[in-house]
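In what follows, a single structure is set out as structure tokens and then discussed.
Here is the structure:
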């Protein structure tokens with residue numbers, strides 16, 4: 285490929301790229317979500333008063349985490365979705381993460397979270413159908429919590 289064509293393609297890609305990347309800043313848009321101390325108020329700050337259906341979302345975590353400083357969590361769902369939010373009830377702030385899905389996005393996440401004590405991890409999927417779906421997993425954190 286000629287150098288000029290190659291450089292031209294690179295400039296075109298650079299010009300198009302900012303238009304393609306369009307992530308929401310949930311921290312700026314919904315600040316109360318990130319300061320809520322309990323799961324239910326955090327969910328309400330993000331989505332309003334909702335009644336999620338307990339189906340279609342799988343949350344996997346170890347039954348006992350030997351190190352609360354690094355708990356592996358998997359979230360899966362086949363539901364066509366707009367967003368996925370992860371919450372926990374062991375730390376001072378309940379919200380862990382909120383993901384904004386692009387068209388055709390696949391919900392198959394593996395993340396590491398901190399849990400200073402035993403508790404429950406909750407995932408909420410906001411479906412494109414306007415409904416909300418929920419999955420939960422409780423776990424025990426071995427003595428030492430995040431210090432593990």
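Numbering (our numbering), first residue to last: 285 to 432.
Cβ coordinates follow ideal geometry from the N, Cα and C atoms, glycine included.
Three-state secondary structure assigned by DSSP to residue 419: Reduced to three states, the DSSP call for residue 419 is strand.
Per-residue DSSP class, three states only, for residue 379: strand
Residues near residue 361 in its chain [Cβ-Cβ closer than 6 Å; skip 5 each side]: 340, 341, 391, 409
Residue 326 - containing beta strand (DSSP E), residue span: Careful: residue 326 lies outside any beta strand (DSSP E), inside the alpha helix (DSSP H) at 323–331.
Residue 313 - DSSP class collapsed to helix/strand/coil: helix
7 Å Cβ cutoff met for residue 370 and residue 380: yes
Through-space distance from residue 359 to residue 344, alpha-carbon basis: 7 Å
Status (buried if at least 16 other CB within 10 Å, exposed otherwise) for residue 312: exposed
Classification of residue 326 by the beta-carbon crowding that lies within 10 angstroms, buried from 16 upward: buried
Cβ neighbours of residue 336 in the same chain (closer than 7 Å, five flanking residues each side left out): 408, 416, 417, 418
Backbone secondary structure at residue 342 - three-state DSSP: strand
Reduced DSSP secondary structure (H/G/I, E/B, other) of residue 367: DSSP places residue 367 in strand when its eight states are reduced to three.
Close-in-space but distant-in-sequence residues of the same chain around residue 319 (CB under 7 Å, 5 per side omitted): 377
Span separating the alpha-carbon of residue 259 from that of residue 330: The requested residue 259 does not occur in the structure, where the chain is confined to residues 285 to 432.
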